[in-house]
Amino acid sequence: MLPADPVVLVIGATGYVGLETVRAAAAMERVQKVIAHVRPGSSGRFRLETAFSGDDRVRIEECALEPEPIAALLERHGPTHVFLCHGTTARRARSEGIRDPYETVDLGITRKFADAAARLEGDPGLGPRMVYLSSMGADPEARGDYLAARGRAEQYLRKSGLPFTLCRAPLITGPDRPESRPLETWARRLLDPVLAVLGFFGMRRLASRYRSMDGHEAAEGLVRSGFHYMTINRVVLADELRRVGVYESERWVPESRRDQPRF
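Sequence positions in the sequence shown follow the UniProt record's numbering and run 1 to 263.
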């Protein structure tokens, strides 16, 4: 059940999935307002202003990624849902002088917003719902830095005392992505046809779980998962992100609720 007049805050709103998440949240009739977070001086602000110039419910807010400004942002708007869509690449991090990017961005920003949200006044466990865009394979013990950081971010949210939904997406890319990522493009072109063949031969769930999705599809699944009563304090896997659109049916249950202990 939705809270009265939900207020959505989207972190990473200038990104490929973040902008689409703002759009998907604003399309929900009952949502009172959507706060699109941007870093001060972000070059992506213009894209947001252009995309939502006619929507009075979307507000673009600049906020430095430090504890005090983050706390002030949350206190000012009182979000019921915080969508964590932030992320970076090694190449972009180098250009911005960020060392250890996955620890600093993927994990670090998640910690900062979770800490600020947990300190908001109110009953314990009833703070804003933290909806995290994670990745298939996320694990604190993963060998790769990216998946390990995502896994630790998930772990941090589980222990935060806040309601959470962890959405593990597959490769997210598409021809509409504004920045060039050749490795991801080639991965999509090579992997998706193989998965399509596997799906044809009966391995549909595997194919759906690992086939790439574009930003629009990821954002739609993210928002629907974030407002679904059955996904509170649960992991939502990639194949479930694709079909959570049937959430009006009470028979839909995420795998983490059926087969795994409550986190």
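Glycine residues also receive a C-beta, built at the ideal position from the N, C-alpha and C atoms.
### Query
Tell me which same chain residues have a C-beta within less than 7 Å of the C-beta of residue 299, skipping the five on either side of it?
Because the chain spans 1 through 263 in this model, residue 299 falls outside it and cannot be assessed.
### Task
Could you check the C-alpha separation between Thr-165 and Ile-60 for me, to the nearest Å?
By one-based count along the sequence shown, residue 165 stands at place 165. By one-based count along the sequence shown, residue 60 stands at place 60. So the alpha carbons of these two residues sit roughly 24 Å apart.
### Message
Bridge partners for Phe-83 per DSSP, in chain order?
### Response
For this step, residue 83 is matched to residue 83 along the sequence shown. In the DSSP output, where bridge partners are listed per residue, Phe-83 has Val-10, Val-131.
### Task
Over the uninterrupted beta strand (DSSP E) stretch that includes Arg-143, give me the two end residues.
On the sequence shown, position 143 is the one that residue 143 refers to. Taken as a continuous stretch (DSSP letters only), Arg-143 belongs to no beta strand (DSSP E), as it is neither H nor E.
#### Entry: Strand pairing of Leu-166, partner residues [DSSP]
In the sequence shown, residue 166 corresponds to position 166, counting from 1. The partner list for Leu-166 (beta bridge, DSSP) reads Tyr-132, Val-235.
### Query
Under a Cβ-count criterion, where at least 16 other Cβ atoms within 10 Å of its own Cβ denotes burial, should Phe-200 be classed as buried or exposed?
Translated into the one-based positions of the sequence shown, residue 200 becomes position 200. Looking at its Cβ environment, which holds fewer than 16 other Cβ atoms inside 10 Å, Phe-200 is exposed.
### Message
My output table needs one value for His-228: the three-state DSSP class, helix, strand or coil.
### Response
Within the sequence shown, the letter at position 228 stands for residue 228. In the structure shown, His-228 sits in coil (DSSP, three-state: anything other than H, G, I, E or B).
### Query
Looking at the structure shown, is Ala-27 part of a helix, part of a strand, or coil, going by DSSP?
As a position in the sequence shown, residue 27 is number 27, starting the count at 1. In the structure shown, Ala-27 sits in coil (DSSP, three-state: anything other than H, G, I, E or B).
### Rounded distance between the beta-carbons of His-77 and Leu-157, thought under 8 Å
To locate residue 157, count along the sequence shown from 1; it is residue 157. To locate residue 77, count along the sequence shown from 1; it is residue 77. Contact doesn't hold; Cβ gap of about 20 Å is too wide.
### Task
Could you have a look at Ala-36 and say whether DSSP puts it in helix, strand or coil?
Position 36 of the sequence shown, counted from the first residue, corresponds to residue 36. Strand at Ala-36.
### Task
Give me the Cα-Cα distance between His-86 and Glu-103, rounded to the nearest whole angstrom.
Reading the sequence shown from its first residue, position 86 is the one you call residue 86. Reading the sequence shown from its first residue, position 103 is the one you call residue 103. For His-86 and Glu-103, the distance between alpha carbons rounds to 12 Å.
### Query
When you compare each of Leu-133, Lys-112, Ala-118 to Gly-127 by their alpha carbons, which one comes out closest?
For this step, residue 127 is matched to residue 127 along the sequence shown. The shortest C-alpha separation from Gly-127 is found at Ala-118.
### Task
Could you check if Arg-152 is buried or exposed, using at least 16 other CB atoms within 10 Å of its CB as the buried criterion?
In the sequence shown, residue 152 corresponds to position 152, counting from 1. By the neighbour-count rule (16 or more Cβ atoms within 10 Å), Arg-152 is buried.
### Message
Rounded to whole angstroms, what is the Cα-Cα separation between Arg-224 and His-81?
### Response
What you label residue 224 is simply residue 224 of the sequence shown in a count that begins at 1. What you label residue 81 is simply residue 81 of the sequence shown in a count that begins at 1. Using only the alpha carbons, I get a separation of about 12 Å.
### Task
Kindly give me the distance between the Cβ atoms of Leu-237 and Gly-221, rounded to whole angstroms, as I take these residues to be in contact under 8 Å.
As a position in the sequence shown, residue 237 is number 237, starting the count at 1. As a position in the sequence shown, residue 221 is number 221, starting the count at 1. Leu-237 to Gly-221, Cβ: 10 Å. No contact.
### Query
Is the beta carbon of Pro-175 sitting closer than 9 Å to the one on Arg-211?
Numbered from its first residue, the sequence shown carries residue 175 at position 175. Numbered from its first residue, the sequence shown carries residue 211 at position 211. No; because the gap between Cβ atoms is not below 9 Å, this pair is not in contact.
### Task
Look at the Cβ atom of Ser-42, then the Cβ atom of Thr-14, and state whether they are nearer than 9 Å.
The residue given as residue 42 occupies position 42 in the sequence shown. The residue given as residue 14 occupies position 14 in the sequence shown. The answer is yes: Cβ separation under 9 Å.
### Query
Taking C-alpha atoms, which residue in Arg-23, Ala-149, Val-58 lies nearest to residue 293?
This structure cannot settle anything about residue 293, because the visible part of the chain is limited to 1 through 263.
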